[in-house]
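Each remark here refers to the structure printed beneath this line.
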Amino acid sequence: MNFDDYNKKAINDAYKNAHIAMQSISDILPQVKDEKMKKELNKEFNGYKKIIKKISTFMAQQKVQPEDVNVFKKMMLKASVKTKSIFNDSLNNIAEMMIKGTVLGITELTAMVNEKNNLSEEVSALIEELLALEETYEQDLKKFL
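47 is the number that the numbering used here gives to position 45 of the sequence shown; each next residue is one higher, with no gaps.
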């Protein structure tokens, strides 16, 4: 894979990573009863929204077409969240689900950061910004366990 293709794939993967996080928050929010957790999830949703805007702006400038998350994957994610929360909507369970999803995102982003020599400075900076955001959210969510 050449440098440009690698950067396009990486920025699209970061874009999808943030979108999946927003989708997960949207799916779980109706089940959340605790006001502090609602506030935390809304903060995270807005953080993802801001980074998606940055990534989207960069992609437009580079004439990179954003790839949407697979519809089947979105449906499976929504069904999984509903199923896991319908039987146990405790604060602990919701925090655990959100942490697991965040850790998956962190793992994916960390792998990309480790390939930094294959990325442009701009792509690397956006990925590192999203990674830092997700690491912060992981720590913030642990308070709800």
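All residues carry an ideal CB built from backbone N, CA and C; glycine is no exception.
Residue i: first and last residue of the uninterrupted alpha helix (DSSP H) it sits in
{"i": "aspartate 142", "result": "123–144"}
{"i": "valine 115", "result": "93–115"}
{"i": "lysine 56", "result": "37–63"}
Helix, strand or coil at residue i according to DSSP, with G and I counted as helix
{"i": "leucine 31", "result": "helix"}
{"i": "glutamine 67", "result": "coil"}
Which listed residue (the options) has its alpha carbon closest to that of residue i
{"i": "aspartate 29", "options": "Asn44, Pro68, Val105", "result": "Asn44"}
{"i": "proline 32", "options": "Asp6, Ser92, Thr59, Val105", "result": "Ser92"}
{"i": "glycine 49", "options": "Phe146, Phe60, Glu136", "result": "Glu136"}
{"i": "methionine 24", "options": "Asp36, Lys35, Tyr8, Phe47", "result": "Phe47"}
Chain D within 9 Å of residue i, Cβ atoms only
{"i": "leucine 132", "result": "In the structure shown, chain D does not exist; there is a single protein chain."}
Pairing CB atoms from the segment 13–22 with CB atoms from the segment 125–144, are three or more of them under 8 Å? The segment 13–22, when compared against the segment 125–144, does touch it at the 8 Å Cβ threshold.
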